[in-house]
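Residues in the sequence shown are numbered consecutively from 45, following our numbering. We put the beta carbon where it would ideally sit given N, CA and C, even for glycine. It should be emphasised that the depicted structure is a prediction, and the values quoted were computed from it without experimental measurement.
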Amino acid sequence: MKKKITYSKVLGVKNLTESTYIISLERGDFNFKAGQYLVLKVTGENKAREYSIYSPEDSPAIDLLIKEVDNGEVSKELKYMPIGTNVELTGPFGFFVLREDKNGLNNHYTFIATGTGISPFHSIILSNPDLNYEIIHGVRNGYEAYDSSDYQEDNYHLCTSREQSGNFHGRVTQYLTEKGIRKDSIYYICGNSAMVNEVTDLLEQNGIKPENIRTEIFF
Ligand SMILES: Cc1cc2nc3c(=O)[nH]c(=O)nc-3n(C[C@H](O)[C@H](O)[C@H](O)COP(=O)(O)OP(=O)(O)OC[C@H]3O[C@@H](n4cnc5c(N)ncnc54)[C@H](O)[C@@H]3O)c2cc1C
Numbered sequence: 045m046k047k048k049i050t051y052s053k054v055l056g057v058k059n060l061t062e063s064t065y066i067i068s069l070e071r072g073d074f075n076f077k078a079g080q081y082l083v084l085k086v087t088g089e090n091k092a093r094e095y096s097i098y099s100p101e102d103s104p105a106i107d108l109l110i111k112e113v114d115n116g117e118v119s120k121e122l123k124y125m126p127i128g129t130n131v132e133l134t135g136p137f138g139f140f141v142l143r144e145d146k147n148g149l150n151n152h153y154t155f156i157a158t159g160t161g162i163s164p165f166h167s168i169i170l171s172n173p174d175l176n177y178e179i180i181h182g183v184r185n186g187y188e189a190y191d192s193s194d195y196q197e198d199n200y201h202l203c204t205s206r207e208q209s210g211n212f213h214g215r216v217t218q219y220l221t222e223k224g225i226r227k228d229s230i231y232y233i234c235g236n237s238a239m240v241n242e243v244t245d246l247l248e249q250n251g252i253k254p255e256n257i258r259t260e261i262f263f
């Protein structure tokens, strides 16, 4: 079935770091489930890119958390989009949403992300305030702990690979290996393909069943 296009406008861009920003878009009648993504296209241009939705389900605007990629076309352009620029949103897409099973919201969830891969988890957690979760967030430097105050402090584990300012110095795989892998959790992994594949292998080697692992690959 062809997905509907929602005609939207840029409401603003907020820089979180030198290279990472939140772009806010008019929501119109765009509906989604927390964890899903959309395809964004600037009206009149022919380049479209996928972005996970950062804002919660009940938010009046659609926020996206975007990292400006070196030599990237769209991520660089969106950072400087004037307020009022016309854009087109297609979607929502994807199945990276909370599992609807007999336990539903009573499950324990472990969300593992690198960089802007935290975006779908931000939406899921803000949409479900009573969720039983922890986040393991891998970044290079501590200043990339985007909006970490939006999470319960004890449940947010920042792994910094370049310096020691996070809760843990090292990569997410090292964190899991050292801290242990909880067997009764449902695992969601989001970020670059190398990390997602490495973490999936590690979890499976530690007895986590494939049906309790969900993944979303950004690039
Ligand atoms: C389902 C899905 C959801 C996504 N959600 C997000 C999101 O929430 N936030 C976000 O920032 N990006 C997200 N992306 C990536 C996004 O679609 C673009 O690929 C990214 O913005 C780069 O586009 P560009 O036009 O600037 O670069 P391009 O000109 O398309 O690509 C330049 C190069 O950068 C690489 N690249 C892409 N993303 C990154 C990255 N984050 N870090 C380093 N290198 C990268 C590409 O593989 C390519 O080699 C998502 C991708 C998918 C498939």
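So the alpha helix (DSSP H) residue i belongs to, where does it begin and stop?
i, result
"V292", "Outside the shown range of the chain, which is 45 to 263, sits residue 292, and nothing can be said about it."
"Y219", "V216 to K223"
"S103", "Neither: S103 is in no alpha helix (DSSP H) and is coded neither H nor E."
"P164", "S163 to S171"
"K120", "V118 to K123"
If you draw a straight line from the C-alpha of residue i to the C-alpha of residue j, how long is it?
i, j, result
"Y81", "L108", "9 Å"
"F74", "N172", "19 Å"
"A105", "G56", "10 Å"
"K58", "A189", "15 Å"
If you follow the beta strand (DSSP E) that residue i is in, where does it begin and where does it stop?
i, result
"Y51", "I49 to N59"
Would you mind working out which of the options sits nearest residue i, comparing C-alpha positions?
i, options, result
"F263", "K58, P254, V183 and S237", "S237"
"F137", "A78, T217, L175 and L149", "A78"
"V240", "V216, D191, R143 and E62", "V216"
"F76", "Q249, E101 and G235", "E101"
"G235", "G182, K47, G224 and S192", "G182"
"R226", "G210, L246 and F212", "L246"
"A92", "E197, N250 and E132", "E132"
Just to confirm, is the Cβ distance from residue i to residue j under 7 Å?
i, j, result
"I180", "Y219", "yes"
"K120", "Y65", "no"
"K53", "G128", "yes"
"V86", "G135", "no"
"T204", "G186", "yes"
Problem - Environment of ligand 1 in chain order, Cβ to heavy atom below 5 Å - result: Y81, R93, E94, Y95, S96, I110, K111, V113, G116, E117, V118, S119, T160, S163, F262 and F263
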